[in-house]
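Under this note's numbering, residues 4 to 241 are what the sequence shown spells out, in order.
Report on one structure; see the data block that follows.
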Amino acid sequence: MSWLLHLDCETRSVDLLSSQLWDLGTTGIAELGNGVVVAGFDTQVEANQARLVLGHGTVSEYDPAIVPTPAPTKVSFGKSTIELVETSVFGHGAHETTRLALDALEQIALDGLIVLDFGCGTGVLAIAASLGGAAVTAVDNDPAAVQATVVNAATNKSDIAVAGEVPDQVFDVVVANMLLADLQTIAGSIRSSLAYGGTLITTGFLRDQGDQVLDLFPDLTLARSASKGEWTLLELSA
Ligand SMILES: C[S@@+](CC[C@H](N)C(=O)[O-])C[C@H]1O[C@@H](n2cnc3c(N)ncnc32)[C@H](O)[C@@H]1O
4 MSWLLHLDCE TRSVDLLSSQ LWDLGTTGIA ELGNGVVVAG FDTQVEANQA RLVLGHGTVS
64 EYDPAIVPTP APTKVSFGKS TIELVETSVF GHGAHETTRL ALDALEQIAL DGLIVLDFGC
124 GTGVLAIAAS LGGAAVTAVD NDPAAVQATV VNAATNKSDI AVAGEVPDQV FDVVVANMLL
184 ADLQTIAGSI RSSLAYGGTL ITTGFLRDQG DQVLDLFPDL TLARSASKGE WTLLELSA
């Protein structure tokens with residue numbers, strides 16, 4: 004991390020801003036309180052691109068006086084603890100959307116199921132499903148996330164298939180924690196990956212975007228919803 008993008012936003016929008024920054028390729032985020040967020044980038048060009056996309060912020064060279072908040076590396080899942088040694092991509096476990104998805108996975112009898120973690124980030128959800136006894140495939144279009152998932156899966160002795168693209172097969176459970184814009188681009192792929200009678204667990208969008216997500220899957224039935232902060236999770240049945 005050599006370049007920093009400094010941003011001010013309303014306190015309630017920090018989570019949304021953080022998600023946008025991860026999508027824009029930040030290498031790490033420090034939330035300094037009162038809506039002040041500092042995001043690291045490898046190059047000045049990337050930091051400036053993120054500033055242009057977000058429409059605000061100032062870019063400066065890395066100042067060692069600003070120390071990013073260390074991400075939590077231990078994540079509880081049922082009676083297990085997941086250890087994340089590679090957290091440079093999204094999915095350190097403390098974000099409300101990740102927690103919502105973990106809580107939803109905890110409520111499913113995963114043993115023996117075939118699970119797809121679509122947009123795996125650190126692989127935290129894939130590892131959780133694997134600990135629950137599922138056969139898991141984790142997919143992410145970010146090579147850094149694929150690498151992080153491989154490392155974190157090995158740390159947790161989880162046998163997970165990790166890939167950059169969704170394999171041509173169907174799954175009992177698909178879990179996807181993604182912003183609405185990303186979900187819109189992969190909705191077709193999610194639907195064709197879901198087995199008859201399967202379950203889609205999806206989060207990463209705001210409370211008032213739930214209807215737009217339901218519209219993406221018109222033939223699925225809403226089984227359950229949950230919210231944390233401004234984020235929502237929907238569980239849909241095929
Ligand atoms: C919000 S993070 C979720 C990470 C982790 N699953 C969690 O719940 O904490 C979303 C992830 O989806 C990935 N992603 C976004 N669009 C994607 C796509 N079209 N195909 C595969 N992965 C995608 C991003 O690279 C990112 O790692």
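We put the CB at the ideal spot given by N, CA and C, even for glycine.
Could you tell me how far apart the beta carbons of residue i and residue j are, in whole angstroms, since I believe they sit closer than 8 Å?
{"i": "ASN51", "j": "VAL40", "result": "16 Å between Cβ atoms; not a contact."}
{"i": "PHE220", "j": "GLY201", "result": "PHE220 to GLY201, Cβ: 12 Å. No contact."}
{"i": "GLY38", "j": "ASP11", "result": "6 Å"}
{"i": "ALA151", "j": "GLY191", "result": "No, ALA151 and GLY191 are not in contact; Cβ-Cβ is about 26 Å, not under 8 Å."}
{"i": "VAL216", "j": "LEU183", "result": "7 Å"}
{"i": "THR205", "j": "ALA229", "result": "That belief does not hold up - the Cβ atoms of THR205 and ALA229 are roughly 11 Å apart, past 8 Å."}
{"i": "TRP234", "j": "LEU103", "result": "6 Å"}
{"i": "LEU203", "j": "LEU239", "result": "4 Å"}
Cutting at 6 Å between CB atoms, please list the residues of its own chain near residue i, excluding the five before and the five after it.
{"i": "ILE163", "result": "ALA129, SER133, VAL139, ALA141 and ALA156"}
{"i": "GLU109", "result": "GLY81"}
{"i": "LEU116", "result": "ALA137, ASP175 and VAL176"}
{"i": "VAL165", "result": "ALA141, VAL149, THR152 and VAL153"}
{"i": "SER21", "result": "ILE32"}
When you compare each of the options to residue i by their alpha carbons, which one comes out closest?
{"i": "THR101", "options": "ALA241, ALA131, VAL165 and GLN172", "result": "ALA131"}
{"i": "ASP145", "options": "LEU108, GLY167 and ASN180", "result": "GLY167"}
{"i": "LEU113", "options": "LEU8, GLY43, VAL177 and GLU99", "result": "VAL177"}
{"i": "LEU225", "options": "ASP214, THR152 and LYS231", "result": "ASP214"}
{"i": "SER5", "options": "SER240, LEU182, GLY31 and ILE193", "result": "GLY31"}
{"i": "PRO170", "options": "ARG210, VAL118, MET181 and ILE111", "result": "VAL118"}
{"i": "ASP143", "options": "GLN23, HIS9, LEU7 and GLY94", "result": "GLY94"}
{"i": "SER195", "options": "HIS9, ASP222, GLN212 and ALA33", "result": "ASP222"}
{"i": "PHE120", "options": "ARG54, GLU99, ILE189 and ARG15", "result": "At residue 120 the sequence reads Asp, which differs from the Phe that was named. If we check each option's Cα against that of ASP120, ILE189 comes out closest."}
{"i": "VAL92", "options": "GLY60, GLY28 and GLN172", "result": "GLY28"}
{"i": "GLN23", "options": "LYS231, LEU209, VAL78 and GLY96", "result": "LEU209"}
{"i": "LYS231", "options": "GLN172, VAL88 and ALA107", "result": "ALA107"}
Let me check one thing: in DSSP terms, what residues is residue i bridge-paired to?
{"i": "ASN180", "result": "THR206"}
{"i": "THR235", "result": "PHE208 and SER230"}
{"i": "ILE117", "result": "ALA138"}
{"i": "SER79", "result": "THR84"}
{"i": "SER240", "result": "THR202 and THR224"}
{"i": "VAL63", "result": "Per the sequence presented here, residue 63 reads as Ser, with Val not at that position. Paired residues: LEU7."}
Any heavy atom of ligand 1 closer than 7 Å to the Cβ of residue i?
{"i": "THR90", "result": "no"}
{"i": "THR14", "result": "no"}
{"i": "ALA97", "result": "no"}
{"i": "THR205", "result": "no"}
{"i": "THR100", "result": "yes"}
{"i": "LEU128", "result": "yes"}
{"i": "ASP145", "result": "yes"}
{"i": "THR188", "result": "yes"}
{"i": "VAL142", "result": "yes"}
{"i": "ASP120", "result": "yes"}
{"i": "SER133", "result": "no"}
{"i": "PHE174", "result": "no"}
{"i": "ASN180", "result": "yes"}
Can you name, in chain order, every residue of its own chain whose Cβ lies under 8 Å from the Cβ of residue i, other than the five neighbours on each side?
{"i": "ASN159", "result": "ILE85, GLU86, ILE130, SER133 and LEU134"}
{"i": "ASP185", "result": "ASP26, GLY122 and GLY207"}
{"i": "LEU7", "result": "VAL41, ALA42, GLY43, PHE44, ALA50, VAL62, SER63, GLU64, TYR65, ASP66 and ILE69"}
Whose C-beta lies closer than 7 Å to the C-beta of residue i among residues of the same chain, with five residues either side of it excluded?
{"i": "SER161", "result": "ILE130, SER133 and LEU134"}
{"i": "VAL70", "result": "Note that VAL70 scores a pLDDT of 45, beneath 50, so its modelled location is shaky; the value from the coordinates is reported in the next line. Closer than 7 Å at Cβ, skipping near neighbours: no residue."}
{"i": "TYR199", "result": "ALA241"}
{"i": "ILE193", "result": "PHE121, VAL177, ALA179 and LEU203"}
{"i": "GLY269", "result": "Past the boundaries of the shown model lies residue 269; the chain is included only from 4 to 241, so the question cannot be answered."}
{"i": "ARG227", "result": "GLU238"}
Taking 7 Å as the cut-off, is the C-beta of residue i nearer than that to any heavy atom in ligand 2?
{"i": "ASP222", "result": "Ligand 2 is absent from the structure shown, which contains only ligand 1."}
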